[in-house]
Amino acid sequence: MKKFPQNFLWGAATSSHQVEGRNIHNDWWLAEQDHSLKVASGEACRHYELYAQDFAIACQLNHNCHRFSIEWSRIEPLEGKFDTSEIEHYRQVIADLKIHQIEPIVTLHHFTNPVWFAQAGGWTKSDLQKYFLRFVDKIVTEFAGQVKFWITINEPLVYSSHSYLLGAWPPQECSLFKTAKVTLNMARAHIKAYQIIHKIYQERSLGKPMVSIAANLQAFEICTPTLKNKLALYLRHKLYNFYFIEELLRKNTLDYIGINYYGRNLIDARSWKIRSLLMDTCCYNHHPLRKNSLGWDIYPQGLYKLLIALKKYNLPILITENGICTENDDLRWDYIREHLEEMNKAMEQGAKMIGYIYWSLIDNFEWDKGFDPRFGLVYVDYQTQKRTVKTSAGKLAEVIRNGQI
Ligand code: BGC
């Protein structure tokens, strides 16, 4: 049996656009309406109305924390016009979590932007950051008394690459220059947001907040030990996994490291071109592993390796997402169990873990992939919005109750 500390954070995550439904003021909704995206989020899981029911389930499952995002486009549907009824909505959401003794972990940006912000150039324009910072100031001023854990930006590199390099997400562009610009602007925005949040807590003599990002980390492995692949491995590990974190650490703006981990990226660089070195993956299923329903490689050992690599920063680490989309709930449980075991092994070797958050509490809208991939601990029937707890969720609940696996 492997033990976990008593005050360990255990929970699951969601994000506003993926679960709430009818987020009509953001750039995703707009792209969904003009059919530049194949699937529309529509009502999603109607979590906007059903959150209390969903949190009651999280509570039954012994979760003591819950990660969710506050939808900027609801709070500020038009530039400078803040909707107080939406602020009240999220006040209720946080209050409901507190009733269940569930610690709120609040994300301030999870891939979506208000339409007015996106149409003015969004994250490509450095002078528009001030709008995000004003939103941060507003929300943190409202909720500082109730919230300790903040995540400023979810997966900045995934956002910049999917939206500006791969052309997959709004605004569906393919520009290396813009990708770099957006990444840089997000790093700067985090640094300033961090300072704003800390200032608010200081002025109100609240205890110190815990502020971070949710960084997407991958286990990079090489298909064959060629020189090209070795260089690609070095570059990807440095650029994708650690560059952003190290930028923020240089400015002392991380109180903990939030990481999202899903699996392995098997490198097979086909040429010396920078695009190949940074992007090519093995397409022959060499070194096969079990896969999720989107074909991503399941690789729990990768989590262990990354946690050990993060030790050098000497900061608390929170797994802000780890999860699997699958129709096979036995596989989901194997995935969770094996990742918890690897995390525990890293803890025994000194990784300062403070919690584990599964993605996701409920099945939801998986961005450009639509509703087919099911990541949830809880099954959602999208016709009736009925929730059904999966067996894997019950098994995780047991681990949490016993504090051991
Ligand atoms: C994102 C989630 C997404 C999940 C599964 C993470 O990259 O933060 O929004 O649903 O991965 O793809």
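The sequence shown: position 349 = 451 (the numbering used here), numbered continuously. By construction, the Cβ of each residue, glycine as well, lies at the ideal position given by its N, Cα and C atoms. Values in this document were obtained by computation on a predicted structure and should not be read as measured data.
Does the beta-carbon of residue i have 16 or more other beta-carbons within 10 angstroms, so that it is buried, or is it exposed?
| i | result |
| --- | --- |
| R434 | buried |
| C385 | exposed |
| Y336 | exposed |
| Q120 | buried |
| S307 | exposed |
| N504 | exposed |
| G144 | exposed |
| M288 | buried |
| L498 | buried |
| L374 | The sequence shown places Trp at residue 374, not Leu. Exposed is the call here. |
| D136 | exposed |
| G457 | buried |
Taking the alpha carbon of residue i as the reference point, which residue from the options has its own alpha carbon closest?
| i | options | result |
| --- | --- | --- |
| Y342 | N354, I361, P327, C325 | I361 |
| I201 | Q162, K105, S277 | Q162 |
| L379 | I253, N424, L333 | L333 |
| I507 | P475, F473, L442 | L442 |
| N128 | V195, K240, I438, P273 | P273 |
| A282 | I293, I302, A270, V260 | V260 |
| H212 | S262, K105, E205 | S262 |
| G123 | A289, K105, A499, Y153 | Y153 |
| Q485 | W469, I456, E244, F473 | F473 |
| W469 | E205, W271, L286, K227 | W271 |
| G452 | E423, V480, L412, T328 | L412 |
| E323 | K330, Y345, L368, I298 | L368 |
| T254 | P107, I400, L235 | L235 |
| F344 | K301, K393, E257 | E257 |
| V284 | Q231, L180, Y150, G247 | Q231 |
Could you check how far apart the C-beta atoms of residue i and residue j are, in whole angstroms? I think they sit under 8 Å.
| i | j | result |
| --- | --- | --- |
| A317 | I359 | 7 Å |
| E444 | Q403 | 6 Å |
| C147 | Q487 | 7 Å |
| H168 | P206 | 6 Å |
At the level of alpha carbons, what is the spacing between residue i and residue j?
| i | j | result |
| --- | --- | --- |
| A114 | N166 | 9 Å |
| G510 | R338 | In the structure as shown, the chain starts at 103 and stops at 507, and residue 510 therefore has no counterpart that could be examined. |
| I347 | I410 | 15 Å |
| F467 | C427 | 12 Å |
| I502 | F170 | 20 Å |
| L268 | D382 | 13 Å |
| D483 | R476 | 11 Å |
| W174 | F237 | 7 Å |
| M312 | R193 | 19 Å |
| T186 | D239 | 15 Å |
| L408 | N430 | 27 Å |
| L249 | T243 | In the sequence as displayed, the identity of residue 249 is Val instead of Leu. Spanning the two alpha carbons is a distance of roughly 10 Å. |
| R176 | I126 | 8 Å |
| R489 | V480 | 6 Å |
| Q320 | T493 | 27 Å |
| L396 | I172 | 27 Å |
| L391 | W398 | 9 Å |
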